[in-house]
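Inspection log for the structure reproduced underneath, given as structure tokens.
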């Protein structure tokens, strides 16, 4: 009994250490965004000046909107194409299917440095070059495998008898997909879309290779700002992104019951 209690407390202590390791740097960064000193002097002097300065930083604001725009478009394209591909892989048997499924994992496993270099060479070779269009295409290529894998995993729990029952009641293929299959797979579609948005919005390497001056994304702009000299405005924009991201995740988990009925 005593051994069980000790192991239980050790497990709790380990979880606390793990959460502290993950979240303590984020908390410190958020606090420093409200510190009046640009050199992070302590004790902390509360101010919101850095948030006011952020709105005057045209480069950061422009890069943020570029990232949001690219991430939203990437999410829409990747979610639609990935869901359609997952349904095709689930419903149909054809030659080379296993090979195609195996090809989904190398883009996830290959280092993004190699992927970014390959995309840069490829886009210049076909005449697209660098810019927001190239970044968008690169992000879609990176996000698509995540969506297919997540939606396919959800479809593995789907009972095909439900589609057969709908057809026996007179439903056509579109009605079966729209009223039976899609509602069941919607949690997987939403999760895949969130993955696609996170991969795109947080992508640095591919964006760095494919961006041009004046058409950068937020991660690239933050990297450039750090090289010139770190300012608390970076903390401010990072804090805003974290708060908005956490709010969206909590709302999504709440309304789609990702944690179960409870």
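In our numbering, the protein residues as written are 1 to 262.
Every residue, glycine too, gets a C-beta built ideally from N, C-alpha and C.
None of the values given here were measured: they were computed from a predicted structure.
Fewer than three pairs of CB atoms, one per stretch, sit closer than 8 Å, so the stretch 99-108 makes no contact with the stretch 69-83. By the neighbour-count criterion, in which 16 or more other beta carbons inside 10 Å mark a residue as buried, residue 134 falls on the buried side.
Its chain contains 78, 81, 82 as the residues whose beta carbon lies nearer than 7 Å to that of residue 144, once the 5 sequence neighbours on both sides are disregarded; these appear in chain order. Scanning its chain for C-beta atoms nearer than 7 Å, with the 5 sequence neighbours on each side dropped, one finds around residue 149 the residues 104, in chain order.
Per DSSP, the unbroken alpha helix (DSSP H) holding residue 58 starts and ends at 58-91. Checking the DSSP bridge columns, you'll see residue 212 partnered with 215. The beta-carbon separation of residue 189 and residue 151, rounded to 6 Å, stays under the 8 Å limit for a contact. By the C-beta density criterion, residue 59 is exposed, having fewer than 16 other C-beta atoms within 10 angstroms. With respect to residue 239, residue 67 sits apart: the two C-beta atoms are not nearer than 8 Å. Under a 10 Å Cβ-count criterion, residue 112 is classified as buried, with 16 or more other Cβ atoms of the shown protein chains found around its own Cβ. When rounded, the separation of the alpha-carbon atoms in residue 228 and residue 222 is 10 Å.
With contacts defined by Cβ atoms closer than 8 Å, residue 158 and residue 185 form a contacting pair.
For residue 161, the uninterrupted alpha helix (DSSP H) run begins and ends at 160-168, by DSSP. Scanning its chain for C-beta atoms nearer than 7 Å, with the 5 sequence neighbours on each side dropped, one finds around residue 64 the residues 218, 237, in chain order. The Cβ atoms of residue 231 and residue 225 lie closer than 8 Å to each other. Between residue 212 and residue 130 a beta carbon distance of about 5 Å is seen, short of the 8 Å cut, so the two are scored as contacting.
Scanning the stretch 101-143 from its first residue to its last, the whole alpha helix (DSSP H) runs of 4-plus residues come out as 106-109, 112-125. DSSP places residue 178 within a helical segment (H, G or I) once states are collapsed to three. 206 is the residue among 160, 169, 179, 206 whose C-alpha sits nearest the C-alpha of residue 114.
DSSP, read as helix, strand or coil, puts residue 235 in helix. CA-CA distance, residue 94 to residue 181, rounds to 21 Å. With a contact defined as Cβ atoms closer than 8 Å, residue 119 and residue 19 miss out at about 36 Å. Partner residues in a beta bridge of residue 172, as assigned by DSSP, do not exist. Sequence-distant partners of residue 116 (beyond 5 residues in either direction) whose C-beta falls short of 8 Å from its own C-beta, in its chain, are 138, 205, 206, 208, 209, 210.
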